[in-house]
């Protein structure tokens, strides 16, 4: 009975862990739609033509990099999910093997997030110090609006 409970807990917990990892892939901590929300903020900063060109080039480069990375990682992710499913469906639960696999999957997610934040840092470094201050203010206003919407939904 104890083994059954452990298996059921992992069968429930693992999909939740994997599902929640996608939330960590979001480029900001507010759960808002990453670069799309930021792009509208950049439009409010009165960027120079040179800054606009640099932003566009960086976005295109990042898009190509992420596309190539997605293609490379897709088969690896599928293999990990199959291995995880096999471990969960096994007659005996191998907690150590599950733990190692989940940790490896989490490390990959962390690496992906670091890369996204690095790209975001590069974009923000195109801004002047004054534009960075204004960007931070706009970002704060955006976050406040988002949280107000969440509070209204909760009521």
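Residue numbers (mature numbering (1 follows the signal peptide of the UniProt record, and there is no 0)): -25 to -1, 1 to 130.
Note that CB positions come from ideal geometry on N, CA and C, so glycine has one too.
Inspect the CB distances between the segment 14 to 32 and the segment 103 to 123 and report whether three or more fall short of 8 Å. Output reads yes: the segment 103 to 123 touches the segment 14 to 32.
Check whether residue 219 and residue 90 have beta carbons under 9 Å apart: For residue 219 there is no data in the structure shown, the boundaries of the chain being -25 and 130.
Alpha carbon to alpha carbon, what distance is there between residue 126 and residue 95? Taking the straight line from one Cα to the other gives about 28 Å.
Which same chain residues end up closer than 8 Å to residue 76 when comparing Cβ atoms and leaving out the 5 residues on each side of it in sequence? Listed in chain order, the non-local C-beta contacts of residue 76 below 8 Å within the same chain comprise 55, 58, 59, 62, local neighbours out to five positions each way being set aside.
DSSP state of residue 13 mapped onto helix, strand, coil: DSSP places residue 13 within a helical segment (H, G or I) once states are collapsed to three.
Where does the unbroken alpha helix (DSSP H) through residue 55 begin, and where does it stop? Its alpha helix (DSSP H) spans residues 24 to 64.
Three-state secondary structure (DSSP) of residue 21: Correct three-state label for residue 21: coil.
Exposed or buried, what is residue 80 when buried is set at 16 or more other beta-carbons lying within 10 Å of its beta-carbon? By the 10 Å Cβ count, residue 80 comes out buried.
Nearest neighbour of residue 48, chosen from 84, 71, 115 [CA to CA]: Minimum Cα-Cα distance from residue 48 among the listed residues 84, 71, 115 corresponds to 84.
Out of 19, 70, 30, point me to the one whose CA is closest to residue 99's CA. Residue 99 has its Cα closest to that of 30, out of 19, 70, 30.
Does the Cβ-Cβ distance between residue 16 and residue 113 come in under 9 Å? Cβ distance < 9 Å, so residue 16 and residue 113 count as in contact.
What separation, rounded to the nearest whole angstrom, lies between the Cα atoms of residue 14 and residue 120? Each residue's alpha carbon lies about 17 Å from the other.
Using CA atoms only, rank isn't needed, just tell me which of 36, 64, 110 is closest to residue 18. The residue with the shortest Cα to Cα distance from residue 18 is 110.
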